[in-house]
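Enquirer: Dropping a structure here in structure tokens format, bear with me for questions.
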Amino acid sequence: QVIDSSVDNLDEDLEGVRLLYSSSWTSPKIKFSVDLQEWTEKECESFHSFGDSWKEVFVPTSSGYLEFVMTDGEGNYDHPANRDNYLIASVGVYTLQNKTITPAPSGPRCLVVSDLDGTMVGSDSATERFASYWRNHQAPRGSRLVFSTGRTKSQYLDLVSERAGVMPEPDALISAVGTRVYLRDSKGAYCQDQTWTAVLDAGWDGEKVRSGVQRVIKLCTNERVHFRPENEMNSHKVTCGVHVDVLEQAMERITQELVREGVKGKLIVSGMGDWRYIDIVPLRAGKLESLEHVCSLLGFSQDATVACGDSGNDIAMFEGSHRSIVVGNAQPDLVRWMEDQQDQDGRGTLVFAEKHMADGILEGLDLLGMY
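Anchor point for the sequence shown: position 332 equals 1037 in the numbering used here, and the numbering is continuous, going up by one each time.
Shown next as structure tokens:
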């Protein structure tokens, strides 16, 4: 089987062959030759948003002429039924499944970073439509899906359990408002990215932050300010509930405590109604900073990255140079911010979808020309 991709399949920035491979092997490898040169070997990477059986590998080549077989590294090989090796004749994105190579669906490859509650989650039918679309159209192109949430990892896994069979699988998880980044290993487990954790350590002391917040609680009384449960916090995220009557006072006092303790941190406010949440996190933490970190890790340009959200605590995530989708059920504070930004956004990188939640993400991708 010799495959020559159509022009529609090409990625403008792609100088090689990106192969998506379905296999029961835990750690498959590609053994290949480019332009009839010497043979070499490369490991495949996991690709969870396409499905746990799928792996991905990229082979640089300007011509696209690639001869290869797949192996488990233990003497077992996957090759065509009627010849020794698979052949691909031009650059592009391809899938290999059941000994059949198929050019990926046409369209741009992108990185979608989505908030969960009120955006990806909230309507099971909308989430299912997004998941089906992703598996059939975006994932085969080599696009990647990341969730960015205020939830901790354990709270996220509880949500997955509650919505079993509904939610798509992400390739990475940003949790606790950008204070934790988790990548997936070959078995699908979420593994904390220690390089990101090390970045957050600079100038941070969680115990000093807790002591400072405790003094603010004493000043404002426990009836107006209190710590949130321990399972909502981590060593880089201290969270308290604050009544709106004392919100400004509490924020000012907490900021003063950070300065007094010499801690480099910032406050992130979220929630609606009479009670709000204040997350105190390291200066380099947050939804935008963690998004840019993951964007770099997964190898996507800012122009190929799309952030999606519905609330005021997503505003920071929208302030980068990537593309952004505000879903139709957005909260009033985000709508006000977005209306101001659209007047200044001459690049057309920020869109406001009419449809709600995950349906709004699909609409937004269409508006951005990335559907």
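Every residue gets a Cβ at the ideal spot worked out from N, C-alpha and C, and that includes glycine.
Taking the alpha carbon of K942 as the reference point, which residue from L952, S880, R929 has its own alpha carbon closest?
Expert: Looking up residue 942 in the sequence shown gives position 237. If we check each option's Cα against that of K942, S880 comes out closest.
Enquirer: What are the boundary residues of the alpha helix (DSSP H) that Q897 is part of?
Expert: Numbered from 1 along the sequence shown, position 192 holds the residue referred to as residue 897. No alpha helix (DSSP H) contains Q897, which is instead part of the beta strand (DSSP E) from 895–897.
Enquirer: Between the alpha carbons of R840 and F755, how many angstroms are there, rounded?
Expert: As a working note, residue 840 is residue 135 in the sequence shown. As a working note, residue 755 is residue 50 in the sequence shown. Between R840 and F755, the C-alpha separation is close to 5 Å.
Enquirer: With a cut-off of 8 Å on the beta carbons, I'd call D1015 and Q1036 a contact; round off their distance for me.
Expert: As a first step, residue 1015 is located in the sequence shown; it is residue number 310 there, counting from the start. As a first step, residue 1036 is located in the sequence shown; it is residue number 331 there, counting from the start. Sure, about 6 Å apart at Cβ, within 8 Å.
Enquirer: Threshold first: 3 residues or longer. Then list the beta strand (DSSP E) segments lying entirely within the stretch 888–936, N to C.
Expert: Those beta strand (DSSP E) runs which fall completely within the stretch 888–936 and span 3+ residues are 895–897, 930–932.
Enquirer: Just the C-alpha distance for A809 and L724, rounded to the nearest angstrom, thanks.
Expert: Position 104 of the sequence shown, counted from the start, is the residue given in the question as residue 809. Position 19 of the sequence shown, counted from the start, is the residue given in the question as residue 724. Straight-line Cα distance between these residues: approximately 9 Å.
Enquirer: Restricting to Cα atoms, I'd like to know which of D876, I1030, I735, V871 is closest to V764.
Expert: Counting from one through the sequence shown, the residue named residue 764 turns up at place 59. Of the listed residues, the one whose Cα sits closest to V764 is I735.
Enquirer: Work out the CA separation of D1045 and W759 for me, nearest whole Å.
Expert: Position 54 of the sequence shown, counted from the first residue, corresponds to residue 759. Position 340 of the sequence shown, counted from the first residue, corresponds to residue 1045. The straight-line gap from Cα to Cα measures roughly 42 Å.
Enquirer: Using the Cα positions of Y791 and T807, report the straight-line distance between them to the nearest angstrom.
Expert: In the sequence shown, the residue the question calls residue 791 occupies position 86. In the sequence shown, the residue the question calls residue 807 occupies position 102. Cα to Cα, the separation comes out at about 12 Å.
Enquirer: Would you decide whether T745 is buried or exposed? Buried here means 16 or more other CB atoms lie within 10 Å of its CB.
Expert: Here residue 745 refers to the residue found at position 40 when the sequence shown is read from its first residue. T745 should be labelled exposed.
Enquirer: For a test of the three-state rule: what should DSSP assign to S866, helix, strand or coil?
Expert: In the sequence shown, residue 866 corresponds to position 161, counting from 1. In this structure, S866 counts as helix in the three-state DSSP scheme.
Enquirer: Does S710 come out as helix, strand or coil in the three-state DSSP assignment?
Expert: As a position in the sequence shown, residue 710 is number 5, starting the count at 1. Unreliable positioning characterises S710 in this predicted model, as indicated by a pLDDT of 38, which lies under 50. The coordinate reading is nonetheless provided below. Coil at S710, not helix or strand.
Enquirer: Any chance you could list the beta strand (DSSP E) runs of at least 3 consecutive residues sitting entirely within the stretch 805–844, in chain order?
Expert: Qualifying beta strand (DSSP E) stretches, in chain order: 805–808, 816–819.
Enquirer: Out of S837, F737, D1071, D757, which one is the CA nearest neighbour of E772?
Expert: Here residue 772 corresponds to residue number 67 of the sequence shown, with the count starting at 1. Comparing Cα positions, the closest option is F737.
Enquirer: Please report the straight-line C-alpha distance between N1018 and S768, rounded to a whole angstrom.
Expert: Here residue 1018 refers to the residue found at position 313 of the sequence shown. Here residue 768 refers to the residue found at position 63 of the sequence shown. Computed Cα separation, rounded: 46 Å.
Enquirer: What residues are listed by DSSP as bridge partners for V943?
Expert: As a first step, residue 943 must be located in the sequence shown, where it is residue number 238. In the DSSP output, where bridge partners are listed per residue, V943 has I985.
Enquirer: Does the distance from the C-beta atom of L888 to that of A877 stay below 9 Å?
Expert: Here residue 888 refers to the residue found at position 183 of the sequence shown. Here residue 877 refers to the residue found at position 172 of the sequence shown. Yes, these two residues count as a Cβ contact at 9 Å.
Enquirer: I need the DSSP call for K969, collapsed to helix, strand or coil.
Expert: Counting from one through the sequence shown, the residue named residue 969 turns up at place 264. In this structure, K969 counts as coil in the three-state DSSP scheme.
Enquirer: Using CA atoms only, rank isn't needed, just tell me which of E1024, H753, A1012, I959 is closest to Y895.
Expert: For the purposes of this step, residue 895 is taken as residue 190 along the sequence shown, with counting starting at 1. Of the candidates E1024, H753, A1012, I959, the one whose C-alpha sits nearest the C-alpha of Y895 is H753.
Enquirer: Does DSSP put D950 in a helix, in a strand, or in coil?
Expert: In the sequence shown, the residue the question calls residue 950 occupies position 245. Helix, per DSSP.
Enquirer: Tell me the DSSP secondary structure of P652 in three-state form.
Expert: This structure cannot speak to residue 652, because the chain is shown only from 706 to 1076.
Enquirer: Nearest to S916 by alpha carbon, out of R885, K892, T900, Q961?
Expert: Taking the first residue of the sequence shown as position 1, residue 916 is located at position 211. Answer by Cα proximity: Q961.
Enquirer: What is the DSSP secondary structure of R788, reduced to helix, strand or coil?
Expert: Translated into the one-based positions of the sequence shown, residue 788 becomes position 83. R788 falls in the coil class under three-state DSSP.
Enquirer: Rounding to the nearest angstrom, what Cα-Cα distance links V1082 and T1054 in this structure?
Expert: A query on residue 1082 cannot be resolved here, the shown segment of the chain reaching from 706 to 1076 and no further.
Enquirer: Along the alpha helix (DSSP H) that carries F752, what are the first and last residues, could you check?
Expert: Sequence index remark: in the sequence shown, residue 752 carries index 47 (1-based). No alpha helix (DSSP H) holds F752; DSSP gives it neither H nor E.
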